[in-house]
Structure formats: structure tokens, C-alpha cells
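Residue numbering for the sequence shown follows this note's numbering, starting at 2 and increasing by one per position.
We put the beta carbon where it would ideally sit given N, CA and C, even for glycine.
Since the model is a prediction, treat every value here as computed from it, not as a measurement.
Step one of this worksheet: look at the structure below.
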Amino acid sequence: MNIMKFVKTNKLLSGVFIAYIFLFMTMPDKAVLSVKNSMYYIIEMLEIMPVIFVLTSIVEVWVPKEVILKGFGDKSGIKGNVLSFVLGSVSAGPIYAAFPVCKMLLKKGASIMNIVIILSAWAVIKVPMLANEAKFLGVKFMSIRWMLTVVSIFVMAYIVSVIVKKESIPIDKELKIEEINGIDIREQYCIGCGLCKKLLPDYFEIFNKKAKLKNTEIKNQEIGEFKRIIEKCPAKAISFK
Ligand code: SF4
């Protein structure tokens, strides 16, 4: 892969790398401090994320889709909202640990509203912290702040659920073979890396740096290959219809 292609597909990482070079050239002491801080967070992530991935995989395999749909789906109503709030509030760990969990829940049928509630409660409401807050700032302060935070979370979750539709979130749908009606490529996400064309040249081609379908009829024996491409597409631009 040439450098320009790498920069194009890893814009954020490249930006951080350039910022580090600039920092080392202009303020080396701050650059060293910055590297130390980054290492601290990288090590923290390496300690936490494997556990989160294992737990997420266990829940994904062992908890039936119906249970997630009933507890957190679009029809779960207020009960689902409350359950999501409790789940987010009692969960431990930094907020980035919540993303794979939420993606798995979304994939299994949780609603956007409940996902926003879980993420927001996970980020700003920690039950043990409430006792600490009350100790230092008083019960009245803690209670009013907590109530307003809860109201804000529910209002925000409702607004996000109205604006953001599930189709715009790059999650792989769990479909049975008989439910698959073809392949969808979201061109706005495609970065033209050509991986799909390399893996299934009979089905994909690259035109104007975007993947296009050459053949819309999928043979059953090739479903597995398509699943592999859907997983591997770096932009998560391919999905089953
Ligand atoms: S659809 Fe995915 S794999 Fe295919 S070219 Fe676009 S980004 Fe690459």
C-alpha cells in the first residue's frame, strides 16, 4: 500500500502522527509527555478491550435475539428505556468499552433510543460515584444534577432516534440464507480499496474509485464468501439486503 493510500484510509491516525512530528520539532518535552500519556491509554485499552470482546462474544452467542428484542427493541417501550438506563448506570469501565457491546445489541435488534440511553448512562452516571458526589457536594446538589442528567439523556435519546435511522449505521444484519435478497453497497462509505473486487472478481468491480456490483444474482454456495467480504470491508460499506 502506498503512503497516500494509507493516509487516505487512516486520516485520523495520520493526523495524529503529523501532530506528533510537529510537537517533537517544536516542543520536545511536551511531545515526550504526550507519548507517555498515549502509552498509558493504549495499555489501559489493551487490558480492558480483550475482556469486553470476550464478554460481548459470549452474550452474542448465548443470549437469543428474541431476548434482546424484548428487552431493548423498538417495541420494548418504557420498560426497555428503564432497563437500558439501569444497564448503562451499573456498567463498569471506560466509555470506549461500551461501543462493541452496543454494536452487538444493535445487531441483535436493540433500538437506537435504547442504545443512546445505555451509552449516555454508561458515560455520565456511575452509581458508586453518586455517593462520592453527595459526600463532597451535598445530597441536594447530587440529586438535582442527577435528575436533570436523566431527563437530558431521555430527551437526547428520543431526538437521536428520530434523526438517525438504523440503516445508516454500519452493522452487519443477521440474515438467514432464505432472507437474503442481494447485496447492497453504500457508496458514500466505500473508499475504493478494491478488496471486494480482489476476493470476488465475478461480482465486484471498481468504477470511479467506488465499488459496483457486476452481478446481482448471488448463488447460495457463495453466501459464505460474501459474509467474509462484508466482515473484511474496511469501510463497512457492504451488506446483505
Ligand atoms: S466496498 Fe469495501 S472492500 Fe469494496 S472497495 Fe469499497 S471499501 Fe473496499
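query: Flag residue 201 as yes when its Cβ comes closer than 7 Å to any non-hydrogen atom of the ligand SF4, and as no otherwise.; result: no
query: Measure the alpha-carbon distance for residue 196 versus residue 228 and round it to whole angstroms.; result: 13 Å
query: Would a C-beta distance cut-off of 8 Å place residue 1 and residue 85 closer than the cut-off?; result: With the chain represented from 2 up to 242, any question about residue 1 goes unanswered, as that position is not in the structure.
query: For residue 205, count neighbouring C-beta atoms within 10 Å of its own C-beta (all shown protein chains included) and say buried if the count is 16 or more, exposed if not.; result: buried
query: If we count the other Cβ atoms within 10 Å of its Cβ and call it buried at 16 or more, is residue 57 buried or exposed?; result: buried
query: Please confirm if the stretch 146-162 is in contact with the stretch 214-231, defined as three or more CB-CB distances below 8 Å between the two stretches.; result: no
query: My parser needs the beta strand (DSSP E) runs of 3 or more residues fully inside the stretch 208-240; what are they?; result: 211-214
query: So for residue 188, helix, strand or coil by DSSP?; result: coil
query: From what residue to what residue does the alpha helix (DSSP H) around residue 169 run?; result: Looking at the DSSP string, residue 169 is not in any alpha helix (DSSP H), and its letter there is neither H nor E.
query: Could you spell out where the alpha helix (DSSP H) holding residue 159 opens and where it closes?; result: 140-164
query: So which of 166, 170, 235 has the shortest CA-CA distance to residue 11?; result: 235
query: State whether the stretch 78-92 contacts the stretch 119-134, with contact taken as three or more CB pairs (one from each stretch) at a distance under 8 Å.; result: yes
query: So, does the stretch 102-113 touch the stretch 49-64, judging by three or more C-beta pairs under 8 Å?; result: yes
query: In whole angstroms, give me the CA-to-CA distance for residue 202 and residue 226.; result: 12 Å
query: What does residue 206 pair with, by DSSP beta-bridge criteria?; result: 213
query: Can you say whether residue 221 is buried or exposed, counting buried as having 16 or more other CB atoms within 10 angstroms of its CB?; result: exposed
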